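First residue of the sequence shown? That's 1 in full-length UniProt numbering, and the numbers climb one at a time after it. I have placed the structure first, in the form of structure tokens, so that the comments after it can refer back to it.
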Amino acid sequence: MGNEFRYLCLVETRRLLLLMGVVFGLILFVQYFELPYNNIFSSLFTSGKSQVVLINDFPSRNSSSDPITSRNLTNVSSLNSTDLNVVDGVSSATNVSDGKDGDATNVEGDFDHEDGKSLDDSFNDNVDPEDETPSKDFLKIDGNATIDGVVRNNSFPLDTHKESEYTSNTSALMDHSGVGELDQTSEKNEGNISIQETPPVAKSPPDSPENREESSSIHVDTSSRGKSVHKDAENIRQNHGSPKILKDGHSVPVSDLSVVPISKMNDMLLQSRVTYQAMKPRWSSAVDRELLKAKYLIENAPIIDKDPEFDVNLYRNFSEFKRSYELMERTLKVYIYAEGERPIFHQPPLKGIYASEGWFMKLLKANKRFVAKKPNKAHLFYLPFSSRMLEVALYVPNSHNRTGLIAHLSNYIQMITTKYNFWNRTGGSDHFLVACHDWAPSETRQIMANCIRALCNADVREGFQFGKDVSLPETFVRTPQNPLRQIGGKPPSQRRILAFFAGNMHGYLRPILLNYWQNKDPDMKIFGQIRKAKGQMSYAQYMKSSKYCICAKGFEVNSPRVVEAIFYECVPVIISDNFVPPFFETLNWESFAVFVLEKDIPNLKIILSSISKKRYLKMQQMVKQVQQHFLWHPRPVKYDIFHMILHSTWYNRVFQTRP
1 MGNEFRYLCL VETRRLLLLM GVVFGLILFV QYFELPYNNI FSSLFTSGKS
51 QVVLINDFPS RNSSSDPITS RNLTNVSSLN STDLNVVDGV SSATNVSDGK
101 DGDATNVEGD FDHEDGKSLD DSFNDNVDPE DETPSKDFLK IDGNATIDGV
151 VRNNSFPLDT HKESEYTSNT SALMDHSGVG ELDQTSEKNE GNISIQETPP
201 VAKSPPDSPE NREESSSIHV DTSSRGKSVH KDAENIRQNH GSPKILKDGH
251 SVPVSDLSVV PISKMNDMLL QSRVTYQAMK PRWSSAVDRE LLKAKYLIEN
301 APIIDKDPEF DVNLYRNFSE FKRSYELMER TLKVYIYAEG ERPIFHQPPL
351 KGIYASEGWF MKLLKANKRF VAKKPNKAHL FYLPFSSRML EVALYVPNSH
401 NRTGLIAHLS NYIQMITTKY NFWNRTGGSD HFLVACHDWA PSETRQIMAN
451 CIRALCNADV REGFQFGKDV SLPETFVRTP QNPLRQIGGK PPSQRRILAF
501 FAGNMHGYLR PILLNYWQNK DPDMKIFGQI RKAKGQMSYA QYMKSSKYCI
551 CAKGFEVNSP RVVEAIFYEC VPVIISDNFV PPFFETLNWE SFAVFVLEKD
601 IPNLKIILSS ISKKRYLKMQ QMVKQVQQHF LWHPRPVKYD IFHMILHSTW
651 YNRVFQTRP
């Protein structure tokens with residue numbers, strides 16, 4: 001009897017174990033297909049509070065005596081994903097390994113569900129990107145400390161007036177425009193747009209779209225219409241023509257003499273091909289010969305008038321772009337420095353408004369095709385730091401002091417120049433960084449002046465150098481597991497709203513925009529913050545239902561709205577003087593976007609209404625075609641945003657090369 005009982009127990013135990021194994025196997029099977037890069041075990045056992053571990057890869061000079069550096073690098077080890085808000089997408093660094101497709105490889109832990117939330121829980125299509133701003137602090141821009149190290153634009157003076165503190169005239173500006181006190185409760189400078197009422201025709205190469213088809217610039221005659229409101233805008237300019245600075249370090253309107261319209265940027269870009277050259281290498285290398293050969297092949301690319309896959313009018317010079325991209329795929333090798341202490345290095349955010357720097361870093365590390373294991377084979381050297389994590393780890397709230405942040409980057413450069421000779425060979429001109437924080441231009445413009453800087457805050461007046469720097473798209477990633485969720489929008493025939501904007505009152509421009517257009521015209525849906533209510537359209541629904549999406553600058557020139565408009569297939573209207581649009585060296589932005597000068601906000605509806613239906617339909621179709629260049633994929637695909645960032649960096653490096 002006892003033996004039979006033991007036998008039955010053994011049988012039942014085996015059945016139970018078998019059942020548990022089958023259930024567990026099904027879970028693994030389902031998650032294998034559901035989670036990018038097969039992140040199975042980490043999603044099963046995550047606690048939602050992944051701890052940041054610091055690994056001191058290099059000694060930071062004077063770190064013991066620097067209270068900012070020593071205190072924050074110690075405390076940041078206890079931060080978790082919830083504490084960092086939009087940085088909750090960070091994950092540990094990964095090593096490069098071979099992948100099945102010969103290009104991208106698995107990146108473990110990068111796109112796990114965060115804090116145990118499902119995709120539905122983490123996605124909110126009503127979220128304004130600026131609500132994702134984690135910091136509530138401001139900094140005064142200390143340009144005097146770094147201004148001498150800037151690589152300047154020869155054709156446009158750097159703004160050196162942003163050092164003076166704003167102490168007067170703010171009330172006059174607000175009183176004139178009828179807008180209340182400026183919002184000073186957030187650090188991030190979102191929402192960037194710039195308008196151009198009658199842009200002059202830019203000089204174009206023979207193969208450019210402007211010489212093949214009708215001009216893509218929007219010309220509007222407002223000489224008889226809207227004179228009174230235009231006069232109001234001019235009065236604002238006259239009363240506040242000289243650059244001023246708010247206590248938070250952000251500028252107020254400047255005179256028209258300092259405005260660089262899109263047509264002038266076109267000229268500056270063409271001029272940079274002739275005028276800008278990087279330092280001649282101290283000794284020759286095989287990679288220099290490869291770059292010179294690529295330069296020759298790109299400049300002599302066969303002319304392509306039509307292409308079955310692309311509309312050539314989307315590009316400045318499609319022939320050069322196609323040839324350059326092909327050569328990049330065949331030739332380019334990037335060396336990634338392994339040095340650098342986490343979380344500032346090798347551990348970027350993958351969610352929120354700083355996601356561009358994080359996604360690029362993770363995807364490049366996992367890419368077999370472009371990553372060079374031997375640095376002497378590399379055409380480019382990547383500095384793998386996160387400008388967002390630099391602020392999180394080292395900046396002391398309310399200190400108005402970035403000395404520790406800049407010193408940390410300086411120590412890193414000192415370390416790699418001492419350990420390796422690659423920086424010394426070219427003066428850093430073959431090194432590049434990808435940074436989306438607003439402070440990145442001022443933090444890098446001295447110690448990394450010769451580097452190729454891919455910056456979200458691409459401001460001509462802040463030292464952005466045509467022919468060297470790259471304008472980085474600012475992407476607002478809501479769900480790292482599925483960044484393409486809810487892509488697209490309504491067809492043109494169902495877009496009943498002429499223009500839409502909603503956002504926080506950051507900077508001087510948005511209060512003026514709302515003063516002129518909020519609740520003033522049924523065709524112009526211009527709001528401040530909108531919160532989802534029963535029966536009310538969400539932020540995303542407005543974008544999906546509008547013909548034109550207003551991308552008005554905030555504290556700085558860049559805004560995630562530009563990419564969001566393209567994501568939702570809405571024609572972007574950029575109101576942000578001196579903003580260099582993403583991938584400017586490649587794309588013909590005037591073929592799919594409207595640029596309006598800030599002073600022309602009173603004429604906004606006149607400008608948009610003057611665009612013919614035929615022209616609008618063409619631009620909207622162009623938006624749908626260019627969309628592929630602004631999309632993140634867990635496994636990169638050809639011509640997506642990852643490859644376009646890499647291509648712009650490659651392209652600028654090629655044309656910097658000297659024989």
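Here a beta-carbon is modelled for each residue, glycine too, at the ideal position from N, C-alpha and C. Computed from a predicted model, the values in this text were never measured in an experiment.
Legend entry - Bridge-paired residues (DSSP) for Met524: As a first step, residue 524 is located in the sequence shown; it is residue number 524 there, counting from the start. In the DSSP output, where bridge partners are listed per residue, Met524 has Ala499.
Legend entry - Inter-stretch contact (C-beta, 8 Å, three-pair minimum) for the stretch 317 to 335 and the stretch 399 to 417: Segments in contact, no.
Inset, instruction - Quick one: using the 10 Å Cβ neighbour count with 16 as the cut-off for buried, is residue 662 buried or exposed? - result: Outside the shown range of the chain, which is 1 to 659, sits residue 662, and nothing can be said about it.
Legend entry - Beta-ladder partner(s) of Val274, from DSSP: For the purposes of this step, residue 274 is identified with residue 274 of the sequence shown, where counting begins at 1. For Val274, which the question treats as bridged, DSSP gives no partner whatsoever.
Legend entry - Segments of 3+ residues assigned as beta strand (DSSP E) that fall wholly inside the stretch 355 to 423: The stretch 355 to 423 contains these whole beta strand (DSSP E) runs: 380 to 382.
Inset, instruction - Decide if Met389 is buried, meaning its Cβ has at least 16 other Cβ atoms within 10 Å, or exposed. - result: Along the sequence shown, one-based indexing puts residue 389 at 389. The residue in question, Met389, is buried, as its Cβ has 16 or more Cβ neighbours within 10 Å.
Inset, instruction - Run the proximity test for Pro397: is its beta-carbon closer than 8 Å to any non-hydrogen atom belonging to the ligand MN? - result: No copy of the ligand MN appears in this structure; indeed no ligand is present at all.
Inset, instruction - Just mark Val594 as buried or exposed, buried being the case when its beta carbon has 16 or more other beta carbons within 10 Å. - result: In the sequence shown, counting from the first residue as 1, residue 594 sits at position 594. Buried, because 16 or more other Cβ atoms sit within 10 Å of the Cβ of Val594.
Legend entry - Range covered by the beta strand (DSSP E) that runs through Ile550: By 1-based counting over the sequence shown, the position of residue 550 is 550. Counting along the chain, the beta strand (DSSP E) containing Ile550 begins and ends at 546 to 552.
Legend entry - Member of Phe370, Phe381, Lys362, Pro348 whose CA lies at the smallest distance from the CA of Met328: Along the sequence shown, one-based indexing puts residue 328 at 328. Residue Phe370 is the option with its Cα nearest to Met328.
Inset, instruction - Taking all protein chains shown into account, decide if Pro659 is buried (16 or more other Cβ within 10 angstroms of its Cβ) or exposed. - result: By one-based count along the sequence shown, residue 659 stands at place 659. Exposed.
Legend entry - Own chain partners of Tyr335 with C-beta closer than 6 Å, once the 5 adjacent residues on each side are dropped: Residue 335 sits at position 335 when you count from the first residue of the sequence shown. Annotation for Tyr335: Ala372, Pro375, Ala378, Phe381 place their beta carbon closer than 6 Å to its own, counting only its chain and skipping 5 residues before and after.
Inset, instruction - Would you mind sorting Val562 into buried or exposed? The rule is 16 or more other CB atoms within 10 Å of its CB. - result: Within the sequence shown, residue 562 is the residue found at index 562, counting from 1. Per the 10 Å Cβ criterion, buried.
Inset, instruction - Let me know if Val557 comes out buried or exposed under the rule of 16 or more other beta-carbons within 10 Å of its beta-carbon. - result: Stepping through the sequence shown from its first residue, residue 557 is reached at position 557. With 16 or more other Cβ atoms within 10 Å, it is buried.
Legend entry - Check whether Lys547 and Ala502 have beta carbons under 9 Å apart: On the sequence shown, position 547 is the one that residue 547 refers to. On the sequence shown, position 502 is the one that residue 502 refers to. Contact: no.
Inset, instruction - Tell me Tyr296's beta-bridge partners as DSSP assigns them. - result: Translated into positions along the sequence shown, residue 296 becomes position 296. Partner(s): none; Tyr296 has no beta bridge.
Inset, instruction - Can you give me the Cβ contacts of Asp459 inside the same chain, cut-off strictly under 6 Å, excluding the 5 residues immediately before and after it? - result: Position 459 of the sequence shown holds residue 459. Hits under 6 Å: Val557, Asn578.
Inset, instruction - Mark Thr491 as exposed unless 16 or more other C-beta atoms lie within 10 angstroms of its C-beta, in which case mark it buried. - result: Translated into the one-based positions of the sequence shown, residue 491 becomes position 491. Per the sequence presented here, residue 491 reads as Pro, with Thr not at that position. Pro491 comes out exposed.
Inset, instruction - Specify, as a first and last residue, the run of the beta strand (DSSP E) that His431 falls within. - result: Mapped onto the sequence shown, residue 431 falls at position 431. First-last of the beta strand (DSSP E) with His431: 431 to 435.
Inset, instruction - Could you say which of Asp311, Pro473, Tyr539, Pro441 lies nearest to Gln486 if we only look at CA atoms? - result: Here residue 486 refers to the residue found at position 486 when the sequence shown is read from its first residue. Sorting Asp311, Pro473, Tyr539, Pro441 by C-alpha distance to the C-alpha of Gln486 places Tyr539 at the top.
Legend entry - Beta carbon of Leu513 nearer than 9 Å to that of His633: Residue mapping note: residue 513 aligns to position 513 of the sequence shown, counting from 1. Residue mapping note: residue 633 aligns to position 633 of the sequence shown, counting from 1. No. Outside cutoff.
Inset, instruction - Could you tell me whether the Cβ of Ser272 comes closer than 9 Å to any Cβ of chain D? - result: The chain labelled as chain D is not found in the depicted structure, where only one protein chain is given.
Legend entry - Cβ-based burial, Lys49 [other Cβ within 10 Å; buried from 16]: For this step, residue 49 is matched to residue 49 along the sequence shown. Summary for Lys49: the model assigns pLDDT 34, below 50, so the residue's position carries little reliability, and this model does not support an answer.
Inset, instruction - Could you pull out every residue in the same chain whose Cβ sits closer than 6 Å to the Cβ of Gly493, ignoring the five residues on either side in sequence? - result: Within the sequence shown, the letter at position 493 stands for residue 493. Before going further, note that residue 493 is Ser rather than Gly in the sequence given. Counting only Cβ-Cβ distances below 6 Å, and skipping sequence neighbours, we find nothing.
Legend entry - Contact check, Tyr651 vs Glu590, beta carbons under 9 Å: Taking the first residue of the sequence shown as 1, we reach residue 651 at position 651. Taking the first residue of the sequence shown as 1, we reach residue 590 at position 590. It is not a contact, given that the beta carbons lie outside the stated cut-off.
Inset, instruction - Indicate the three-state DSSP secondary structure (helix, strand or coil) for Pro157 in the structure shown. - result: For the purposes of this step, residue 157 is identified with residue 157 of the sequence shown, where counting begins at 1. At Pro157, the pLDDT of 42 sits below 50, so the modelled position is not reliable; the number obtained from the coordinates is stated separately. Correct three-state label for Pro157: coil.
Legend entry - Start and end residues, beta strand (DSSP E) containing Arg453: One-based indexing of the sequence shown puts residue 453 at position 453. The continuous beta strand (DSSP E) containing Arg453 extends over residues 452 to 455.
Legend entry - Span of the beta strand (DSSP E), counted from its first residue to its last, around Pro572: Stepping through the sequence shown from its first residue, residue 572 is reached at position 572. Boundaries of the beta strand (DSSP E) harbouring Pro572: 571 to 575, taken from the DSSP string.
Inset, instruction - Answer yes or no: do Glu357 and Pro348 have a C-beta to C-beta separation smaller than 9 Å? - result: Indexing the sequence shown from 1 puts residue 357 at position 357. Indexing the sequence shown from 1 puts residue 348 at position 348. In contact: Glu357 and Pro348 (Cβ atoms closer than 9 Å).
Legend entry - Helix, strand or coil at Ile601 according to DSSP, with G and I counted as helix: One-based indexing of the sequence shown puts residue 601 at position 601. The three-state reading of DSSP puts Ile601 in helix, counting H, G and I together.
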